[in-house]
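Please read the structure below before turning to the comments.
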Amino acid sequence: MSINIAIDGPAGAGKSTIAKKLAAKLGFVYVDTGAMYRAMAYHFLQKNIKPEEEEKISLECKNVNITITYENGEQQVILNDTNVTPFIRKEEVGNMASATSIYPKVREKLVELQKELAKTTNVIMDGRDIGTCVLPDAQVKIYLTASVEARSKRRYDELCKKGISCDIEEIKKDITERDYRDMHREMSPLKQAGDAVLVDSSELNIEEVVAVIEKIYKEKCSL
Ligand code: DC
């Protein structure tokens, strides 16, 4: 039987950075489910579909095929034969992903693929509904969060490092809105699973968070 580690939490809590590092350390496969919602969102944006057009989005889901491959251990998201991994990191795509992930047809399409990936492989999967919906039987469940201030500051520093000018108040507003949407949608909202361990990374650096989660994994799996 495969071992599954589920990491859920709000945007900017550091889930993907932590999950990637931990996966490399433990020899697990890292599955970034947010990237799948982003790839779907990228497709809708390319088709000029608006986030509120549920009917169009639901119909368009039939024309979307998402697959996951790995190149040098890095997840690649393939959208209808095109590798869209380099194109899905923009704020615009993240916001569209948050807005369109509320629709049942979008979620149905991706949850099935995510469950399949975890069936036979040791995975660390991160997202919003992994511990509550995608992998309810995961041996380890983490709810990774941080204050809005800490998450905004990290995003601000990241963009500044890339030479992209930005306003920290705008980032804060964006993060707060995304949190609200992800936590208040009807289907699979972001929430801490009853059996998940809460990890607050506001005052911790990356290595410290990795160490905390590795310890929880070892305890849960009696290693
Ligand atoms: O983790 P991220 O920022 O790449 O995710 C983008 C959006 O996708 C997020 O705001 C909500 C949605 N999402 C989701 O609904 N369920 C998941 N398991 C992962 C992401």
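Everything in the sequence shown is counted per the numbering used here, starting at 43 for the first residue and increasing by one.
Positions of the beta carbon are idealized from the N, C-alpha and C atoms, including for glycine.
{"Query": "9 Å Cβ cutoff, Lys233 in contact with chain B", "Result": "In summary, chain B is missing from the structure at hand, where a single protein chain is found."}
{"Query": "Euclidean distance between Cα positions of Lys63 and Ile166", "Result": "10 Å"}
{"Query": "Ser194 beta carbon near the ligand DC (any heavy atom closer than 8 Å)", "Result": "no"}
{"Query": "Where the alpha helix (DSSP H) containing Gly136 begins and where it ends", "Result": "133-142"}
{"Query": "Status (buried if at least 16 other CB within 10 Å, exposed otherwise) for Ile213", "Result": "buried"}
{"Query": "Enclosing alpha helix (DSSP H) for Gln181 [first to last residue]", "Result": "From DSSP, Gln181 is part of no alpha helix (DSSP H); its letter is neither H nor E."}
{"Query": "Cβ-Cβ distance between Val126 and Tyr84 below 9 Å", "Result": "yes"}
{"Query": "Other residues of its chain near Gln118: CB distance less than 6 Å, five sequence neighbours each side excluded", "Result": "Thr111, Asn125, Thr127"}
{"Query": "Glu158 - DSSP class collapsed to helix/strand/coil", "Result": "helix"}
{"Query": "Residue range of the unbroken alpha helix (DSSP H) whose run includes Gln88", "Result": "75-88"}
{"Query": "Rounded straight-line distance, which links the Cα of Lys147 to that of Lys67", "Result": "35 Å"}
{"Query": "Inter-residue Cα distance where the pair is Arg188 and Asp224", "Result": "It is Ala, not Arg, that sits at residue 188 in the sequence shown. So the two alpha carbons sit approximately 15 Å from each other."}
{"Query": "Cβ-heavy atom distance, Asp168 to the ligand DC, below 8 Å", "Result": "yes"}
{"Query": "beta-carbon Ile172 near the ligand DC non-hydrogen atom, thresh 8 Å", "Result": "yes"}
{"Query": "Nearest candidate by alpha-carbon position, reference Asp242, set Ala192, Ile91, Tyr145", "Result": "Ala192"}
{"Query": "Residues near Ser143 in its chain [Cβ-Cβ closer than 7 Å; skip 5 each side]", "Result": "Tyr79, Arg149"}
{"Query": "Met82 vs Lys195 beta-carbon contact at 9 Å", "Result": "no"}
{"Query": "Local Cβ density within 10 Å of Ser230, reported as buried at 16 or more and exposed below that", "Result": "buried"}
{"Query": "Heavy atom of the ligand DC within 8 Å of Lys67 beta-carbon", "Result": "no"}
{"Query": "Nearest candidate by alpha-carbon position, reference Lys157, set Ala238, Pro178, Ala139, Ala141", "Result": "Pro178"}
{"Query": "Gly173 (DSSP reduced to helix, strand or coil)", "Result": "helix"}
{"Query": "Inter-residue Cα distance where the pair is Ile99 and Glu200", "Result": "32 Å"}
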